[in-house]
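Worksheet for the structure shown next.
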Amino acid sequence: MKKILLGSIIALMVLIPVVSAIDVSIENKTEKPISIMQDFTHTVFVEYGSLTTCPPCVTASAQLYSIYNSGDLDFHYATLVWDVANGNVRSRLTELEVVGVPDVFFDGGYKRIIGGQGSEAPYRGAITLAGEREVPDIDIALDVTWLGGGKLKIEATVTNNEVEEFNGNIRTYVVEKESRWNDYSGKPYHYAALDIPIDKSLAVVNTEAKPLGESYTFSKTWRGSIYGFGDITQDNTMVIVAVYDKESDYVVQTAAANPTGKIGNYRPINILFYKIFERFQVLEQILNL
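Just so you know, we're using my numbering here: the sequence shown kicks off at 12 and counts up by one.
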């Protein structure tokens, strides 16, 4: 996907409501619940680009949160807030070519809706269209362990149930269910991404997963304190994982998990150790911490 550098926050101009980058045909004209999860081929993933100074984003945030809480549709979503996000989240917004907000991507861009919407219907329709499309038979098992002190152990296993090899990308998103960041109205965002700890290419042959060219277990120990998020709490944290097709960049499967209990023999590492990692973050990659 062509990458466009987002030069400044000013470049993320708020678009006038009801502007759509990709035409989304909506048959359902009401906001009645759509109980068709049994027809979904996979769990849909929604990436929502936003900005804390964006007035139309207030409505978009409320609509997506309302749909998610209704339980009508099988999906997870992550809010990517440009002006407060870290480098990994901003890089993802750049990959998605976000230049105006609100900008909502369904399954990595299979459907895309830009601008404020008058009702939930456009979002519901896009989720439905994405969920009903044909995708490879891919399963994801996600394990997240709470280690204390804002530290998570993340393990994601991808299983290919198809005869042919599957090539794609895997991304994990650490999100806060109720965000520390507020939208333009002063209300907190929901499922706002703090970081994308795993962003890897992968090739999956039947039941064995590995990145291209080497063996790998898709495991990551994520230290929130390195990125200024050492104060996250276990009950307010969730991890979402999505697998993307290599050719289309569309999502083929999604999973999410809350952190499980703390490992008994875990001991907090001295704060000086964290400060070293803050200064030399490359050590984390070298040691795979």
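Every residue gets a Cβ at the ideal spot worked out from N, C-alpha and C, and that includes glycine.
So, at 6 Å on beta carbons, what are the nonlocal neighbours of G60 in its own chain, with the 5 sequence-adjacent residues on each side left out? Taking the sequence shown and counting its residues from 1, one reaches residue 60 at position 49. For G60, where only same-chain residues beyond five positions count, the Cβ hits under 6 Å are L91, L104, V109, V112, D114.
Validate contact between the region 190-197 and the region 206-215 using beta carbons, cut 8 Å, 3 pairs: No contact exists between the region 190-197 and the region 206-215.
May I ask you to verify whether the region 114-124 touches the region 255-272, counting CB pairs closer than 8 Å and requiring at least 3? At 8 Å Cβ cutoff, the stretches touch.
My understanding is that F51 touches E166, with C-beta atoms under 8 Å, so please give their C-beta distance in whole angstroms. Mapped onto the sequence shown, residue 51 falls at position 40. Mapped onto the sequence shown, residue 166 falls at position 155. Contact flag wrong, Cβ pair sits at about 25 Å.
Which class does N178 belong to by DSSP, given the choice of helix, strand or coil? Along the sequence shown, one-based indexing puts residue 178 at 167. In the displayed model, N178 falls within a strand according to three-state DSSP.
Going by beta carbon distance, what residues of the same chain come within less than 6 Å of K231, once the five residues before and after it are set aside? Taking the first residue of the sequence shown as 1, we reach residue 231 at position 220. Same-chain partners within the cutoff: I165, P208, I209.
Do the CB positions of E187 and L163 come within less than 8 Å of each other? Here the question's residue 187 lines up with position 176 in the sequence shown. Here the question's residue 163 lines up with position 152 in the sequence shown. Contact check for E187 against L163 fails: the beta carbons are separated by 8 Å or more.
Between which two residues does the beta strand (DSSP E) containing V110 stretch? The sequence position of residue 110 within the sequence shown is 99, counting from 1. For V110, no beta strand (DSSP E) run applies, since DSSP gives it neither H nor E.
Work out the CA separation of C68 and A253 for me, nearest whole Å. Taking the first residue of the sequence shown as 1, we reach residue 253 at position 242. Taking the first residue of the sequence shown as 1, we reach residue 68 at position 57. Between A253 and C68, the C-alpha separation is close to 24 Å.
V57 beta carbon less than 8 Å from that of I149: One-based indexing of the sequence shown puts residue 149 at position 138. One-based indexing of the sequence shown puts residue 57 at position 46. No.
State the DSSP-derived secondary structure class of G159, mapped to helix, strand or coil. Position 148 of the sequence shown holds residue 159. In the three-state reduction of the DSSP assignment, G159 falls in the strand class, which pools E and B.
Cβ pair G179, I243 closer than 8 Å: Taking the first residue of the sequence shown as position 1, residue 179 is located at position 168. Taking the first residue of the sequence shown as position 1, residue 243 is located at position 232. Not in contact: G179 and I243 (Cβ atoms no closer than 8 Å).
Range covered by the alpha helix (DSSP H) that runs through E106: Taking the first residue of the sequence shown as 1, we reach residue 106 at position 95. Note, E106: alpha helix (DSSP H), 98-106.
Can you check whether the CB of V215 is closer than 8 Å to the CB of E258? Taking the first residue of the sequence shown as 1, we reach residue 258 at position 247. Taking the first residue of the sequence shown as 1, we reach residue 215 at position 204. Not a contact, by the Cβ cut-off of 8 Å.
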